[in-house]
Amino acid sequence: MEKKKEFEQGITSQKEDFSQWYIDTVLKTAMADYSCVRGCMNIRPYGYAVWENIQAEFDRRFKETGHENAYFPLFVPESLLMKEAEHVEGFAPEVPWVTHVGGEALTERLAIRPTSETVICAAYKEWIQSYRDLPVLINQWANVVRWEKRTRLFLRTSEFLWQEGHTCHRTEAEAREETMKMLEVYRECCETALAMPVVKGRKSESEKFAGAVETYSIEGLLADGNAIQNGTSHFLGQNFSKAFDIKFLDEDNTEKHVWQTSWGVSTRLVGALIMRHGDDSGLILPPRIAPIQAVIVPVYKEATKGLVLEEAAKIHAELRGAGIRAKCDDRETVRPGFKYNEWEMKGVPLRIEIGPRDIEKGHVVVARRIDREKTFVQRAELAKSMPAMLETFQADLFERARADMSENTREASTLDELAEIISTQRGFVWAGWDGSPETEAEVKEKTKATIRNIPLEGGEPTQGLKDLVSGKPAKHRALLARAY
RNA sequence: CGGGGCGUGGCGCAGUUGGGAGCGCGCAGCGUUCGGGACGCUGAGGUCGCCGGUUCAAGCCCGGCCGCCCCGACCA
75 MEKKKEFEQG ITSQKEDFSQ WYIDTVLKTA MADYSCVRGC MNIRPYGYAV WENIQAEFDR
135 RFKETGHENA YFPLFVPESL LMKEAEHVEG FAPEVPWVTH VGGEALTERL AIRPTSETVI
195 CAAYKEWIQS YRDLPVLINQ WANVVRWEKR TRLFLRTSEF LWQEGHTCHR TEAEAREETM
255 KMLEVYRECC ETALAMPVVK GRKSESEKFA GAVETYSIEG LLADGNAIQN GTSHFLGQNF
315 SKAFDIKFLD EDNTEKHVWQ TSWGVSTRLV GALIMRHGDD SGLILPPRIA PIQAVIVPVY
375 KEATKGLVLE EAAKIHAELR GAGIRAKCDD RETVRPGFKY NEWEMKGVPL RIEIGPRDIE
435 KGHVVVARRI DREKTFVQRA ELAKSMPAML ETFQADLFER ARADMSENTR EASTLDELAE
495 IISTQRGFVW AGWDGSPETE AEVKEKTKAT IRNIPLEGGE PTQGLKDLVS GKPAKHRALL
555 ARAY
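All residue numbers for the first sequence refer to this note's numbering, where the first residue is 75 and numbers rise by one.
Next up, the structure:
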């Protein structure tokens, strides 16, 4: 009890900075299972299970859209990394190098990959000769390193796990189509599996991927009002294929450079998940990716122990039989209340309480993590009704996030209005933009908000819309926010 | 790399004018408990970040170094 009081006092005292409070209480508290060494995540089994389930959701969709997995080298020879000018410039500041082996200097130093375009393009050059070899649709699950000046647990770590898709196409149209197709896969997966609503859109020139012609993103809004980029899809044009000389002989017997795309999501999604859905009591995981979807907590006294534990085990078996990821917490060393709190912190969607009184009455108590609502469910119906309860939970979680995002999306017509909104309420802000880098820079300078993207839906300027800085006619209706 | 802060049992911290290394949580044992983070008793666990200096005496004062966190510039 005392600990709880301390915890609550801690929250109150830190609420002046809402984001910091949120990170301290939700991200870090909930992350008891994680640690961070020099900005590199150390993910223990429960947390890794979350990532594995996220991986599985994305991977399934990649396969459904015709992609195959492969794995490429961790080290990138310097000469290779240097081939695409913009790419080098963009990544150089954050690339660590291997220069020595056993005390002996290497003749060519090796970069630890910040992303794999260069190694993969080197491979593609060898693989592709004919239009018949196209398209190449490959994805890689791997770790990458970007030595950022500042790290933030899960949201920006020096080393992170991710997925990078790299495709080659015969025509520009086909590559552009792929870019948009994967962006849509990301949106659908984020919203369906992770219950996180996102906005699809195109990045500004200054924010696009180093070496890309165009970058698209899905932008989400966290519970603290900060935006987060949950995934990106790039149309690379022929920038890399020209730099790496990836050519194919087309049907018309002329040599052409391939058109390429790349796209990625990372373990940042785990951080986004925590800070989108979590609350003061810890994580709330969407059932679709929760390592444990339902936890059974037996409640008993010495006299009823045998009976209750037996029933709990039976329920456990039934749920597993019904394909539910269930766990029976039959630890005898901690009391039920402790278990409730512990599993709530770990974000388990549903908790099933079973005690002597329940057995007598032929029901169980099912408690929902999202709103702590408790209902009685007939014992005989439990396994059967579980999938629907999980589906409802998933839908409710998404709806709650969607409603929050919509409530925290506003409009601004001047820089002052934007500044006011950003400093008092945060969230997304729509504003007219003439497309100039000057406006973009001015906005960032004055409000710390950035242009997240130009949404595919709603990004067209409305009649008479003006740039919020220059007052010139707007070319776009952009979505702005403070972001991680 | 600029500005600020902090290094004391596993975690979170207190430590007054320099003289006993402490508290809470956690951990171990025993007992009572068990429907929302239990309680009692007993106990284990620390070269006070590192090096040097001042002093009869340093967690505390001085110098240097190392590490971490936060705010900026950079970014998935």
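For glycine and all other residues, C-beta sits at the position ideal for the given N, C-alpha and C.
Contact check, residue i vs residue j, beta carbons under 8 Å
i: F165; j: V344; result: no
i: P188; j: V162; result: no
i: G275; j: E262; result: no
i: H141; j: I212; result: yes
i: I433; j: E385; result: yes
i: V150; j: V193; result: yes
i: Y205; j: I320; result: no
i: L347; j: L268; result: yes
i: T253; j: S307; result: yes
i: T231; j: M349; result: no
i: T466; j: Q334; result: no
i: L492; j: L553; result: no
i: R556; j: K520; result: no
i: V287; j: N304; result: no
i: I363; j: N127; result: yes
i: L154; j: A196; result: yes
i: A301; j: F502; result: yes
i: E152; j: A179; result: no
i: W125; j: T266; result: no
i: F309; j: R250; result: yes
i: P360; j: L471; result: yes
i: S336; j: G239; result: yes
i: D324; j: K330; result: yes
Paired residues, beta bridge with residue i - DSSP
i: A505; result: A552
i: Y290; result: R276 and S307
i: E61; result: Coverage of the chain is limited to positions 75 through 558, which leaves residue 61 absent and any answer about it impossible.
i: D336; result: As written in the sequence, residue 336 is Ser, which differs from the Asp given in the question. Partner(s): H240 and H308.
i: W215; result: Q237
i: A179; result: H174
i: H331; result: K321
i: P167; result: For P167, which the question treats as bridged, DSSP gives no partner whatsoever.
i: E485; result: W504
i: V210; result: C242
Proximity winner among the options, relative to residue i (alpha-carbon distances)
i: V259; options: D404, E427 and G338; result: G338
i: R135; options: K255, Q334 and C195; result: K255
i: G421; options: C264, A368, V408 and E465; result: A368
i: R118; options: P365, E168, K518 and Q312; result: P365
i: S278; options: K401, T289 and I398; result: T289
i: A284; options: F322, E265, M156 and V272; result: M156
i: I444; options: E418, I128, K435 and D133; result: E418
i: E376; options: T407, L393 and V517; result: T407
i: A247; options: G311, E238 and K316; result: G311
i: G532; options: D324, E514, K540 and A505; result: A505
i: K223; options: A130, V175 and V169; result: V169
i: C264; options: L489, A475, E158 and V503; result: A475
i: A454; options: A441, E485 and K435; result: K435
i: T536; options: T498, E485 and H331; result: E485
i: K518; options: E131, E281 and E329; result: E281
i: Y558; options: D324, S315 and G299; result: G299
i: P410; options: V382, F450 and I389; result: V382
i: S355; options: A391, K413, R394 and P361; result: K413
i: Q499; options: D133, N415 and L295; result: L295
i: N217; options: Q237, T449, R226 and D207; result: Q237
i: D207; options: R244, L257, T225 and R226; result: R244
i: V332; options: L456, R446, V272 and E200; result: E200
First through last residue of the alpha helix (DSSP H) which encompasses residue i
i: A364; result: Where A364 is concerned, there is no enclosing alpha helix (DSSP H), given that its DSSP letter is neither H nor E.
i: K137; result: P119 to E138
i: R250; result: E246 to T266
i: S480; result: L456 to E481
i: W221; result: Here W221 belongs to no alpha helix (DSSP H), and DSSP marks it neither H nor E.
i: L393; result: K379 to G395
i: A346; result: R342 to H351
i: N527; result: Note, N527: premise wrong, no alpha helix (DSSP H); beta strand (DSSP E) at T524 to P529.
i: M270; result: Counting along the chain, M270 falls outside any alpha helix (DSSP H), and DSSP gives it neither H nor E.
i: E191; result: E191 to W201
i: D541; result: Looking at the DSSP string, D541 is not in any alpha helix (DSSP H), and its letter there is neither H nor E.
First through last residue of the beta strand (DSSP E) which encompasses residue i
i: K448; result: K448 to Q452
i: V150; result: F149 to P151
i: K401; result: A400 to C402
> Should the region 360-379 be regarded as contacting the region 425-445, the criterion being three or more beta carbon pairs within less than 8 Å?
Replying inline: Touching, yes.
>> Using a Cβ distance threshold of 8 Å, determine whether the region 472-481 contacts the region 519-537, with at least three qualifying pairs required.
In response: no
> Per the contact definition of three or more C-beta pairs closer than 8 Å, is the region 503-510 in contact with the region 534-551?
Replying inline: yes
> Taking contact to mean at least 3 C-beta pairs separated by less than 8 Å, is the region 454-471 in contact with the region 394-405?
Replying inline: yes
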